[in-house]
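Since the structure comes first, as structure tokens, the remarks are kept for the end.
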Amino acid sequence: MISKERLTDMFARMREFSGPGDGPGVYRLAFTDADWQARSYLIGLMREVGLAVREDAFGNVVGRWEGAEPSLPAVIFGSHCDSVPNGGNYDGVLGILAAIETVRSLKEEGFHPEHSLEVALFMCEESSRFGAATLGSRAMLGELTVDDVRRLKDKEGVTLYDALKGRGLAPDALGKPLYEGDVKAFFEVHIEQGKVLEHEKKSVGVVTGIAAPTRFRVKLTGNADHSGATPMSLRHDAACAAAEIVLAAERLAAAEKEPPAVATVGVLQIAPGVMNVIPGSAELGVDIRSIDAGTKTRVAENLKAAVSEICGRRGVASEIVPISDERPVAIRPSVQDFLEGVCREDGCSYMRLPSGAGHDAMHWAERVSTGMLFIPCRDGVSHNPDEYAAPEDIANVVRLLEKVVREASKKKVTFA
Ligand SMILES: [Zn+2]
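Laid out in structure tokens, this is it:
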């Protein structure tokens with residue numbers, strides 16, 4: 001049986017692996033001492049529950065429970081344990097502890113899987129230290145090269161290559177898949193990091209896809225004229241154009257319903273920034289996300305058209321500078337249906353929802369049948385010392401993960 005007490009104890013232990021850092025919350029940046037100690041603790045737990053532990057050249061850890069037919073592809077489930085600075089104790093931690101508790105419970109119940117079960121702990125999921133996210137799962141799948149880890153540096157100038165070497169790992173082996181063998185399915189349990197489940201009063205979310213951002217800058221150039229001497233009709237005010245663009249981004253994203261899109265102008269600078277001069281230039285940073293590439297492209301293109309219309313009308317010059325255009329990941333409908341079936345049978349309150357944040361699962365989703373379950377986190381707060389998930393919600397989702405894994409490990413259960 002899933003034990004709430006054991007889970008509470010493990011979460012409390014994980015919180016201790018933190019530092020150095022100022023202020024409240026968890027500091028467990030990738031490959032620091034705190035991260036490495038947490039990893040050792042988790043390896044110990046994996047061994048304790050009877051898993052055969054192996055690690056790869058990037059430090060990712062896999063604990064294997066050999067199934068009745070070892071040659072069948074494995075069912076993998078897990079998450080990460082690194083954190084952002086001043087982070088919380090649930091992001092990632094939930095997924096890896098849920099996986100370990102699931103194995104412990106299944107073993108106690110005398111369960112025998114047909115497909116092998118593998119608990120995966122991914123290193124360096126957060127971009128906080130090296131500026132790039134989900135590096136462990138990328139390394140595992142052969143998507144991270146030696147050149148990449150030589151190029152990525154932390155604030156102190158330490159390359160990821162040297163950080164890996166410092167932990168006795170083998171970065172020179174990167175570039176080819178570190179995970180060997182076939183995978184039947186991958187599952188990850190995570191806190192939502194948003195407010196939807198709490199708002200809808202649901203205890204579980206079945207993830208429909210993982211959104212990815214398209215980002216670009218909009219540079220506007222108008223005329224920095226005298227604020228007193230220039231009548232309204234003769235102005236080319238870059239800030240006014242920027243304001244219209246901000247509202248256009250909001251309107252165009254809100255118009256997308258199924259699947260939804262979100263657009264944020266999180267950066268807005270105007271110059272010269274004095275009260276007696278009309279803003280002559282402005283720069284906006286735009287971030288657009290959706291789980292559907294077509295939807296995201298439509299919002300981006302519509303916004304670019306709006307920029308051109310607004311600027312044309314106002315006599316302001318505009319330039320669009322692309323920053324990034326990442327591919328969103330869809331979760332296969334068959335896996336969503338499978339997870340929904342487990343939730344329905346369990347009788348818990350659930351809903352389907354997209355993930356706005358990136359996760360290790362997105363790299364697996366492109367290759368194998370992948371599913372994610374979310375639970376609410378208080379006020380949607382994450383990457384913050386106040387991050388919190390209720391013990392009841394945690395125990396509930398671990399119980400669901402146990403059912404998911406139990407089913408998925410059966411030969412007769414297949415995913416289209
Ligand atoms: Zn995470």
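In the working numbering, the protein residues as written are 1 to 416.
We treat Cβ as the ideally placed atom computed from N, Cα and C, and that holds for glycine.
Please read all numbers here as calculations on a predicted model, not as lab measurements.
In the DSSP assignment, the residues bridged to residue 288 are 214, 263. In this structure, the CA atom of residue 3 is about 38 Å from the CA atom of residue 174. Residue 372: not part of any alpha helix (DSSP H); member of the beta strand (DSSP E) spanning 369–375, first to last residue. Within the same chain, Cβ atoms closer than 8 Å to the Cβ of residue 145 are found at 174, 175, the five residues on either side in sequence being excluded. Counting only unbroken stretches of 4 or more residues, the alpha helix (DSSP H) elements lying wholly within the region 133–209 are 135–140, 146–151, 160–166, 196–200, in sequence order.
Only residues of its own chain outside the window of five on either side were considered, and among them 226, 227, 228 have a CB closer than 8 Å to the CB of residue 276, listed in chain order. Membership of residue 350 in the beta strand (DSSP E) is indicated by the continuous run 350–355. With 5 Å as the limit between CB and the heavy atoms of ligand 1, the residues that fall short of it are 91, 92.
Here residue 309 is not bridged, per DSSP, to any residue. Here residue 281 is buried. Its C-beta has 16 or more other C-beta atoms within 10 Å. Check the Cα spacing between residue 199 and each of 19, 18, 377: the tightest is with 377.
Under the three-state reduction of DSSP output, residue 332 falls in the coil class, being neither helix nor strand. Only residues of its own chain outside the window of five on either side were considered, and among them 290, 295, 298, 299 have a CB closer than 8 Å to the CB of residue 256, listed in chain order.
Following the DSSP letters along the chain, one finds residue 318 inside the beta strand (DSSP E) bounded by residues 317–325. Under the DSSP assignment, residue 80 falls in the beta strand (DSSP E) whose first and last residues are 74–80.
Ranked by how close their Cα comes to the Cα of residue 85, the residues 123, 139, 111, 383 have 383 in first place.
Note on geometry: alpha-carbon atoms of residue 22 and residue 30 lie some 17 Å from one another. Residue 293 and residue 108 have their C-alpha atoms spaced approximately 44 Å apart. In this structure residue 210 does not touch residue 38 by the C-beta definition: roughly 25 Å separates them, more than the 8 Å allowed. The three-state reading of DSSP puts residue 338 in helix, counting H, G and I together. Counting only residues of its own chain and dropping the five nearest sequence neighbours on each side, residue 334 has a CB closer than 8 Å to the CB of 369, 415, 416.
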